[in-house]
Structures are given as structure tokens and as C-alpha cells.
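See below for the structure under consideration.
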Amino acid sequence: MTCEYWSNLTQVSGCGGRIWQRSAGQAVPEGNSPQGRLGPEVDELSPWSKFDKSSFHQKHQSSRHQTSGQYKKEETIRIVHSQSRQITGITSFGTSQGEHLCFTAHSNRLARDETESLLTEPASSKWNRLAANEINSLACDKTGSLVTERLAGNKVDSLAKIYVIAESPKRGTFPNGAYHSSRKVDNNFFTRKAKETREKSLVEEEMPFLHNLLLAKLTNCIKRKQESGILDDDDVESACSNDSLEEISFDNENSSTVEPTKDYKKKESLNKRETRAKSTVKTICAMVAFGENRRANSMQLWNSVIFVACGVTERINSYLHYIGLTMSRKTGLSALVWLSDTTRKTLAGQELSIKSRKPISPFICIDNIDFEERIHFQSVEKTSHMFHGTWGYVHTLDPTLIEGHDPKDFSLDSYKQAVKDSAKLKITPPMFMPTFEEEIHFCAAIKSQIAQVMMTYIATTDDSKKLVPLEPPTIDQITAKKPQITMLKLMLASDNCAEGVGKIFSDIIDQTYLTPEQFFSELQVMEGDLGTIMNLECLRSQRKPSGHKEESLGNIFMLLGAAHTLWNIGQAIFLKHFGNNKNQDDLGAWRTLQALGLPSEKPAAKKDFTLMLTNMQKIHEATLIHCLLLVMGIPRNSLPNEKLKLTAKSINHAIDLCYTRFFGCTALQNADKSDSPKLFNLMTRLRDFATVIEANRAMKAGNIGQLLNIWRRWSVMAQGITGLTHYAIHLPRMILLITKVLPPALCHAIQHSLLVTPSGRPGHFVAKDFLLETFNYWLKFMFNKSGIGTKAKQLRDLFSSNVPLLQHLIRSIKEDSGACNYYQSHKHQLTLQSINAFLRMAITKSIGDNTDSTKTASIPAPALEKGKKKTKKKLKGKDIDIMRRGMEVMQNDALTGGTILNRFRPSETLLNPSWMFDEASSLPISPGELDISLEDYFGPLENDDC
Numbered sequence: 001m002t003c004e005y006w007s008n009l010t011q012v013s014g015c016g017g018r019i020w021q022r023s024a025g026q027a028v029p030e031g032n033s034p035q036g037r038l039g040p041e042v043d044e045l046s047p048w049s050k051f052d053k054s055s056f057h058q059k060h061q062s063s064r065h066q067t068s069g070q071y072k073k074e075e076t077i078r079i080v081h082s083q084s085r086q087i088t089g090i091t092s093f094g095t096s097q098g099e100h101l102c103f104t105a106h107s108n109r110l111a112r113d114e115t116e117s118l119l120t121e122p123a124s125s126k127w128n129r130l131a132a133n134e135i136n137s138l139a140c141d142k143t144g145s146l147v148t149e150r151l152a153g154n155k156v157d158s159l160a161k162i163y164v165i166a167e168s169p170k171r172g173t174f175p176n177g178a179y180h181s182s183r184k185v186d187n188n189f190f191t192r193k194a195k196e197t198r199e200k201s202l203v204e205e206e207m208p209f210l211h212n213l214l215l216a217k218l219t220n221c222i223k224r225k226q227e228s229g230i231l232d233d234d235d236v237e238s239a240c241s242n243d244s245l246e247e248i249s250f251d252n253e254n255s256s257t258v259e260p261t262k263d264y265k266k267k268e269s270l271n272k273r274e275t276r277a278k279s280t281v282k283t284i285c286a287m288v289a290f291g292e293n294r295r296a297n298s299m300q301l302w303n304s305v306i307f308v309a310c311g312v313t314e315r316i317n318s319y320l321h322y323i324g325l326t327m328s329r330k331t332g333l334s335a336l337v338w339l340s341d342t343t344r345k346t347l348a349g350q351e352l353s354i355k356s357r358k359p360i361s362p363f364i365c366i367d368n369i370d371f372e373e374r375i376h377f378q379s380v381e382k383t384s385h386m387f388h389g390t391w392g393y394v395h396t397l398d399p400t401l402i403e404g405h406d407p408k409d410f411s412l413d414s415y416k417q418a419v420k421d422s423a424k425l426k427i428t429p430p431m432f433m434p435t436f437e438e439e440i441h442f443c444a445a446i447k448s449q450i451a452q453v454m455m456t457y458i459a460t461t462d463d464s465k466k467l468v469p470l471e472p473p474t475i476d477q478i479t480a481k482k483p484q485i486t487m488l489k490l491m492l493a494s495d496n497c498a499e500g501v502g503k504i505f506s507d508i509i510d511q512t513y514l515t516p517e518q519f520f521s522e523l524q525v526m527e528g529d530l531g532t533i534m535n536l537e538c539l540r541s542q543r544k545p546s547g548h549k550e551e552s553l554g555n556i557f558m559l560l561g562a563a564h565t566l567w568n569i570g571q572a573i574f575l576k577h578f579g580n581n582k583n584q585d586d587l588g589a590w591r592t593l594q595a596l597g598l599p600s601e602k603p604a605a606k607k608d609f610t611l612m613l614t615n616m617q618k619i620h621e622a623t624l625i626h627c628l629l630l631v632m633g634i635p636r637n638s639l640p641n642e643k644l645k646l647t648a649k650s651i652n653h654a655i656d657l658c659y660t661r662f663f664g665c666t667a668l669q670n671a672d673k674s675d676s677p678k679l680f681n682l683m684t685r686l687r688d689f690a691t692v693i694e695a696n697r698a699m700k701a702g703n704i705g706q707l708l709n710i711w712r713r714w715s716v717m718a719q720g721i722t723g724l725t726h727y728a729i730h731l732p733r734m735i736l737l738i739t740k741v742l743p744p745a746l747c748h749a750i751q752h753s754l755l756v757t758p759s760g761r762p763g764h765f766v767a768k769d770f771l772l773e774t775f776n777y778w779l780k781f782m783f784n785k786s787g788i789g790t791k792a793k794q795l796r797d798l799f800s801s802n803v804p805l806l807q808h809l810i811r812s813i814k815e816d817s818g819a820c821n822y823y824q825s826h827k828h829q830l831t832l833q834s835i836n837a838f839l840r841m842a843i844t845k846s847i848g849d850n851t852d853s854t855k856t857a858s859i860p861a862p863a864l865e866k867g868k869k870k871t872k873k874k875l876k877g878k879d880i881d882i883m884r885r886g887m888e889v890m891q892n893d894a895l896t897g898g899t900i901l902n903r904f905r906p907s908e909t910l911l912n913p914s915w916m917f918d919e920a921s922s923l924p925i926s927p928g929e930l931d932i933s934l935e936d937y938f939g940p941l942e943n944d945d946c
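Residues in the sequence shown are numbered from 1 upward in steps of one, following full-length UniProt numbering.
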């Protein structure tokens with residue numbers, strides 16, 4: 001705004017605001033000058049004079065009746081005074097008598113009701129109200145919202161400059177200002193709520209004019225494109241991509257079966273473009289604020305940490321810092337160091353403090369982590385080597401698992417007493433054999449598997465409520481709640497040996513404010529893989545008997561990780577049924593993989609357990625499809641292109657018939673007597689694979705009762721299968737410990753803490769050791785640049801404690817870009833071509849033929865010569881029923897003294913002999929009761945005259 005434009009203005013007083021009219025130069029009444037209200041650019045004004053309000057009122061009314069459009073509204077703008085932070089509205093309108101400007105003081109927006117209340121005071125005259133109504137009609141549209149039109153020439157430019165210059169973020173350190181120090185930032189700074197609060201303060205309180213101006217520009221462009229139907233190439237691609245459709249349909253409860261309509265997609269696409277416009281404007285405002293004042297750095301500090309997590313190079317980060325999008329790399333690393341120290345203080349002061357360990361200490365989950373510290377240009381002092389360390393996290397139990405129970409049930413004394421009592425526990429095979437109720441539940445679980453295959457690939461019905469349930473009955477459901485997890489700092493000690501396990505405990509104590517005596521004075525439950533448990537037992541046995549609690553490790557016991565148990569036992573079962581892929585007559589699992597078009601040269605890649613479980617499920621489902629078609633009498637050469645329309649009764653009958661023929665006890669006994677091993681091998685594979693798949697489903701659903709039932713079956717099966725020597729001992733020992741030995745309250749808390757749901761959503765549970773494996777993957781492959789230039793010290797100090805936070809920040813990028821952020825479980829579905837290829841192979845190899853138990857003939861017993869014993873001849877290529885063999889091993893051991901069964905007793909490894917000494921020393925004993933004489937040890941004592 002130029003001074004010439006403001007040279008001749010006249011004040012109209014008497015209302016809540018002031019109206020200034022351009023007129024000849026006259027004297028300005030003292031105190032009425034607008035000097036200071038508009039900033040330094042309009043301080044020097046020409047003389048002012050009062051305006052005759054009565055004449056203005058008469059002309060104003062006459063003009064409204066005579067000529068429409070005589071009053072022409074030109075511009076409505078809001079400005080903020082740089083000192084008082086007062087928002088002032090300026091309304092410029094033209095009349096036949098001249099040009100007028102209205103200044104009104106108000107809060108944040110100039111709406112119809114607000115303008116009227118500000119211009120009209122209780123003592124105002126009728127003229128004041130008429131003037132206020134006229135200004136309202138000029139400043140606002142019918143809906144009461146602001147109407148902005150372009151002023152001629154430099155007027156708008158000058159006003160906009162004044163307004164933008166007046167806007168600036170708050171000065172000072174947070175929370176009084178906009179500056180955030182990288183040495184004082186905490187996890188709350190990176191929450192979604194805190195970010196939205198900062199953005200709202202920036203665009204609504206600190207820089208509203210710039211924000212509204214830019215937003216109007218972008219939204220108007222979107223509206224024009226929507227009206228014309230012309231979209232940019234990126235808009236079309238974003239609206240029509242597969243990813244966007246998945247995101248659109250994710251929140252739809254029927255997304256798996258119902259396709260979103262075109263109108264729905266168009267609406268969602270428009271919402272995404274509007275969200276993108278808002279995000280763009282917020283980013284620009286933050287960049288402008290940072291460019292004006294480098295201490296207004298909230299968005300830049302947020303981005304600097306995200307760019308470190310995403311692996312943005314220093315060169316790109318320097319450019320982004322130059323244009324105001326981020327802070328320097330040094331600042332981002334400084335923030336990570338501070339966050340690591342904050343996490344350590346939280347761990348020491350809250351999670352593992354003396355108070356938080358009552359009545360039970362948080363559980364600790366650990367696992368080994370190995371990666372290469374590679375040096376490209378090697379020398380004598382710098383060489384590539386493998387780093388072997390240990391990492392983990394602290395899991396604080398849900399308080400609801402402890403409430404309502406006696407705190408003594410979680411004490412160390414109660415645990416010691418339970419372990420001592422287990423030394424007298426008689427171990428019998430029925431403790432692990434499935435009960436009648438468990439068999440009924442397992443039958444329902446298998447039928448639910450068959451029903452899922454039926455409804456997914458073969459049939460459909462209108463009456464789904466009468467179908468066999470697609471999910472097994474729930475026995476003991478874990479409450480879905482987001483767990484409270486705090487990461488430990490990466491430890492340089494390895495759990496691959498007993499000495500390393502001892503160093504691990506020392507490192508854990510060093511990360512707390514506890515002394516060794518305090519740490520070993522409370523019960524500590526831990527989780528790990530089988531190797532870590534065996535090394536802990538080795539270290540404990542080396543220190544026996546020890547009366548010092550810091551050395552005996554008597555307060556610690558470790559549980560098998562549920563994920564590692566599933567992976568190792570599932571792998572043993574898969575290898576057992578895999579078969580010989582070099583023998584073309586072999587019909588093992590490899591043959592099904594080959595028919596489905598999957599790699600069949602080897603069972604699975606090294607430690608790729610997810611792929612192994614997926615292949616097992618595909619084999620199981622393809623075989624069930626063939627079995628269902630067989631019992632339904634449908635041609636098996638190919639699957640129909642469309643699902644069959646059947647009644648619920650017909651579907652249930654087919655499911656029951658399939659279970660009877662391929663899972664029933666009578667059918668299995670008849671198949672065992674058959675002269676061909678194909679049917680028996682098929683039935684045992686179906687049953688064994690069903691246990692693995694059901695355990696995986698129970699873990700995802702949080703059905704801990706069903707998972708424990710499967711573990712009991714595996715305890716028996718492990719006795720009859722090769723490759724599970726240690727699991728055959730440790731798995732039944734753990735089951736006895738958490739179901740029969742420990743106090744009921746402690747058993748319940750442990751069982752309901754074996755699985756967690758990271759997102760807090762039902763049906764998305766994972767084992768705690770699986771969650772730690774995902775953290776390991778992020779640390780090894782996301783933050784160490786694939787081993788090139790890896791520094792274990794940097795991973796330990798910067799990233800190990802902050803991995804969950806960095807995961808959250810990386811996922812937040814998708815939310816900031818207007819896309820849906822969701823968690824997706826591993827899912828698969830067999831294609832029609834793959835199924836038909838398998839069915840053709842099954843017909844060629846006669847898989848599952850003659851499966852009717854009423855038509856299967858047994859092998860006639862051969863005539864025996866006199867004096868020879870009858871021996872059972874094993875058919876060539878016939879698999880071993882590992883469930884039956886496991887039962888036989890346990891029963892024979894019970895008859896011969898129980899050498900194997902006694903090893904299942906938890907006291908074999910957890911009982912410390914010093915506990916017996918402590919109990920004996922607590923009793924008062926007189927010298928006479930000892931009945932011990934020194935002469936019994938040293939012989940007759942003589943006087944020593946020396």
C-alpha cells in the first residue's frame with residue numbers, strides 16, 4: 001500500500017469500527033489517526049477530517065433505492081498487527097461519493113454475525129445498525145463467509161505485503177515459542193496429536209492469511225478441474241492405481257467381496273486431492289516460517305529424523321535443508337542420541353524400577369542378532385568381521401492380568417515353593433495325551449479348515465448362518481490391546497554360549513538403576529529361543545550349588561518363544577512329509593508343490609519360515625480341494641469357473657463326509673492295513689499339517705487355549721520324529737510349568753502374555769519373539785545399509801532403542817501423503833490354473849482313490865510255518881505315524897522307570913539345591929541335634945604345646 005492511496009481519507013466515527021473516506025485534505029482530530037494500526041508502512045498519513053454521518057446516511061439510503069450496484073464491494077482483507085497481535089478487518093467499497101475503508105477489530109474471522117456485533121454497540125443509533133448491515137452485505141456473501149475480490153493495481157499487493165510481513169511464528173522455546181531443541185525432544189513430540197496441534201497453531205494463529213491465500217489457490221484449481229472433468233496425469237494414476245483401490249476398500253467392512261462403486265472411488269479420489277492440497281499448504285507455511293526464523297523448526301526437526309530413518313543420503317539432506325524442508329544431518333543424529341538416552345532413562349526409572357517390579361517384574365524378551373561389520377579398504381587394524389550381539393525389549397504386563405489376585409502368587413518365594421513341589425510331581429503320559437474335550441475341539445478345528453476351503457474355492461450358499469463355522473471355537477481368548485514395550489539397547493554380548501548369557505544379564509543390569517542384588521531379588525520371566533534357554537541352563541548348572549542369589553540365577557526362568565516353536569516343529573513336520581524329489585514315483589509334499597507351480601527342489605530357503613508355512617498351507621488347501629471334489633462326486637479334472645450354488649445342508653454333509661474319510665480313526669486304521677501306502681501317507685500328512693496350520697491360526701487369533709492344546713499334541717509327536725531332540729524335552733517341560741506347577745494366577749498372566757497385538761487390533765496377534773525378529777530385520781537391513789560401512793556402535797547408540805519410533809515415523813509418511821495406513825497380514829489364494837494343474841496330477845497318480853472305509857479291504861494274513869513268530873512287514877515307502885510312535889515311546893518309558901518322562905519335570909533344571917539349605921537353616925537346631933563330632937572327621941585331638 002502506498003502513502004498516496006491513503007493521502008485523503010475521512011473518518012466516520014460513532015460505530016464500533018471506523019469508516020475512512022477519501023476527501024480533500026483537512027485537519028485530523030487528535031487521537032483519531034490510524035497511525036500504528038497498520039504497521040510502519042502506513043504511519044505517515046495526510047491530514048484527516050471527520051465525515052458527516054448524517055449526510056452519509058441519507059446518501060446511503062437514497063442510493064440503495066435509486067441505483068443498484070452504486071455501492072460496489074471491492075475487497076475484504078484481514079491483517080495482524082505485529083506488536084499487539086490484534087486482527088483487524090479492512091473492508092473497501094466504492095460509492096458515488098467516493099471510496100471508503102472500514103476497519104474493525106475482531107478475533108479470527110470476519111463473518112456476518114461477528115461483524116454486526118463488533119460494529120454495533122448497545123448504545124448505537126439506528127444509523128449505526130444500518131451502516132453495519134450495509135457493510136455486512138458488502139463484506140460477506142449470503143452464507144456469511146468472506147468474499148474476496150481482486151483490487152485494482154498495487155492496492156492488493158500492498159495490503160498483502162503488509163499482512164504477510166505482520167505474520168510470523170511465536171518467538172521463544174517450546175511451549176512458549178516455536179523452537180524445539182534436538183537435545184530436549186522426547187517421544188511425545190513425534191505423536192500424531194502433537195504434530196496436528198503444532199500445524200493448527202501455525203495455520204490458524206500464526207500465519208492464517210498466508211495459509212488461506214495458498215489454500216484458496218489450490219482448492220480453486222481442484223474445483224475447476226472437477227467441473228471440467230480434466231485431471232492431471234498424476235491425479236488419474238493415483239485415482240486408478242491398484243494401491244489406491246486397496247486403500248479405499250480397506251475400511252469397508254465388505255471389502256473382500258464387494259467392489260467399491262465408481263462414485264465412491266471418485267469421491268475418495270477428490271478427498272485425497274483436497275488432503276494433498278492442505279498438506280502442501282501446511283508445508284509451505286512451515287518452510288516460510290523456517291526461512292524467516294531458523295528457530296521455527298518443528299516440521300524440519302520432524303523431517304530430519306524421518307530422513308535419517310529412511311536412509312536419505314547426506315547430499316540430498318543438505319539440499320533439503322537448504323530449501324527449508326529439514327534440519328541438518330548433525331541435528332537429526334543429535335535428536336536420535338537424545339531419544340536413546342530418554343528411552344534408557346524411561347527403562348531404568350519406570351519399566352525396571354524397584355516399584356514397577358512389584359508384584360511381578362516386566363517380562364524380558366531377547367534374541368541374538370548377527371551381522372557383518374564390513375570394511376572395504378582393509379588394513380591390519382581394520383578388517384571385516386561378524387558382529388554377534390543380543391537385543392531385546394521389556395514387556396510390561398497388562399494390569400488387568402494382575403488385578404484381583406494375591407500379590408504373593410507372583411512373588412519369588414511362591415515360585416521357589418512351586419518348583420520344589422514339582423520335584424515330587426509324578427509325570428505320566430496322560431498329562432500330554434488329548435482328552436475327550438480336546439479331541440472334540442480339534443475335530444471342530446479341522447472341519448473349520450475344510451469349510452474355509454469349500455467356501456473359498458468350490459461352493460457358495462445363501463444361508464451362511466447354518467454352515468459349519470469357518471473359525472474354531474475359542475477356548476481362552478487374549479484381550480486385544482496394544483502392548484507396552486520398551487526397547488533395550490543393543491548388547492555386545494552374544495547368547496550363543498553360557499559365558500555370553502552371563503554377560504547379557506550384566507548388560508541388562510547396567511541399563512537400569514538396579515544393583516545386582518536388587519535385580520536378582522525378584523522373579524524375572526524371560527523369553528527366548530531354544531539355544532538361549534539351553535545356554536542359560538548350562539550356566540545355571542555350572543554355578544550350582546550357590547547360596548548367593550546374584551550367582552545362582554534362581555530367580556530367572558525362560559520360556560520358549562511361540563514363533564520359534566512353530567517354525568522348528570513345523571519345519572520338522574514339513575521335512576518328514578516332503579519326500580524324495582529325485583524319485584518320480586514319490587508322492588510327497590514336493591509333488592504337490594511342483595504341480596502348483598512352486599519351487600520343489602528343496603523344502604524352503606534357509607530360515608525363510610514364512611514361506612515354508614505358506615507352502616504348507618497351499619499344499620494342505622489343494623489336497624482338501626481334491627478330497628472335497630472326490631466325496632461330492634464332482635468331476636475332478638478341473639475346478640468350475642464359478643462356484644457351485646448349494647444349500648447349507650449339502651455343504652455341511654460334504655464337510656462331514658470329507659472329515660470321516662480322510663481324518664477319521666477308522667479310516668486311518670483301514671488305510672494302515674491297505675496294500676498301498678499312498679492313502680495312509682496322505683491321511684497322516686493331512687493330520688500333521690492341520691496341527692501346524694491350526695497353531696498358526698490360533699496365534700493370529702489370540703486363542704491361547706487352542707495353542708496350548710496343539711503344543712500338547714506336539715509334545716507327543718516330538719517323541720516320534722527325528723530332529724526335535726531338545727524340543728521333545730523342553731516343550732513338555734514348559735507346558736507343565738505354565739499349566740500345572742506355577743500358581744494359577746502366575747500361570748494365567750504368563751499364558752496371556754505369550755502373544756501380543758502390535759496394532760491393538762483383534763485377529764492380528766503375533767508371538768513376542770516374532771515381533772522381536774521384525775525389529776531385528778529393521779535394524780539389520782534398514783539402518784545399516786546392507787552391511788556396507790556398518791558400525792555396531794552407531795546401531796547401538798542411535799537406532800536400537802528407537803526402532804519402534806522410527807517405524808512409526810516411516811509409516812506416518814503415508815498418512816501425511818493422504819493415503820490410508822493399515823496393517824496387512826500375509827494372505828494367499830490359489831489361482832484357478834494352479835488348482836487345475838494339481839487336480840490333473842492327482843488323477844494321474846490316483847491320489848485319494850478308494851477312500852471309502854467300507855470298501856477298503858485289509859491285507860490277508862499270510863500262512864505261517866510252524867514255530868515261526870508273526871512279524872509285521874513294513875510296506876516300502878510308507879510313512880511313520882509320528883503321533884502313534886510318540887504315544888508308544890511315552891508309554892514304554894513309563895513302564896520302564898520313566899527316564900524320559902522324569903526329564904519333563906521343571907525341577908530338573910530350575911531347582912537350586914541352596915533353596916533346601918536355606919529352608920533348613922531357617923529352622924532352630926541345637927548342637928545336640930547335629931550329633932557331629934570333630935573326632936569323626938579328624939581323629940583323636942591332641943594338645944598342641946607349640
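Even for Gly, the Cβ is constructed at its ideal location relative to N, Cα and C.
Computed from a predicted model, the values in this text were never measured in an experiment.
In the DSSP assignment, the residues bridged to M526 are I364 and M558. Going by DSSP, I485 is part of the beta strand (DSSP E) stretching over Q484 to M487.
In the DSSP assignment, W391 falls within the unbroken beta strand (DSSP E) covering H385 to T396. For E373, the pairing in a beta bridge is given by DSSP as H385.
For C747, the enclosing alpha helix (DSSP H) starts and ends at P744 to Q751. Shown here, T275 sits in a helix according to DSSP, grouped into three states. The way I'd put it, the segment 544–564 does touch the segment 509–520; three or more beta-carbon pairs between them come closer than 8 Å. The Cβ atoms of I446 and F765 do not sit closer than 8 Å to each other. One alpha carbon belongs to K416, the other to T512, and they sit about 25 Å apart.
If you look at V889, you'll find it in the alpha helix (DSSP H) that goes I882 to L895.
For Q719, the number of other beta carbons within 10 angstroms of its own is at least 16, and it is reported as buried.
Within the same chain, and ignoring the five residues on either side of D507 in sequence, the residues whose Cβ sits closer than 7 Å to its Cβ are M491 and A493. For G705, the enclosing alpha helix (DSSP H) has its first and last residue at I704 to M717.
In the DSSP assignment, Q477 forms a beta bridge with N703. Per DSSP, the unbroken alpha helix (DSSP H) holding D413 starts and ends at L412 to S422. In the structure shown, A459 adopts extended strand secondary structure according to DSSP, grouped into three states. Judged by DSSP in its simplified three-state form, Y513 adopts coil rather than helix or strand. Where L611 is concerned, the enclosing alpha helix (DSSP H) starts and stops at F609 to M632. When DSSP states are grouped into helix, strand and coil, L755 belongs to the strand group. For the set T396, F799, W302 and M526, the Cα lying nearest the Cα of M327 is the one of W302.
Residue pairing by DSSP places Y659 in no beta bridge whatsoever. For L539, the closest C-alpha among the options T909, K161 and L159 is that of T909. K576 sits in a helix when the DSSP states are folded into three classes.
Cα atoms of I813 and A277: separation of roughly 15 Å, rounded to the nearest angstrom. The DSSP-derived three-state label of M433 is coil.
Secondary structure of A445 (DSSP, three-state): helix. For K282, the closest of H211, T684, T610 and H321 by C-alpha to C-alpha distance is H211. Look at M327 here: in three-state DSSP terms it is coil, with no helix or strand label. Judged by DSSP in its simplified three-state form, L644 adopts strand. The C-alpha of H388 is placed about 11 Å away from the C-alpha of D367. Taking 8 Å as the cut-off, the beta carbon of G561 is found closer than this to the beta carbon of D769.
Contact between L798 and V305 is ruled out by a C-beta separation of about 11 Å, above the 8 Å threshold. Between the segment 463–476 and the segment 699–718, the count of Cβ pairs shorter than 8 Å is three or higher; the stretches touch. The C-beta distance from M487 to V803 rounds to 6 Å, short enough to meet the 8 Å contact threshold.
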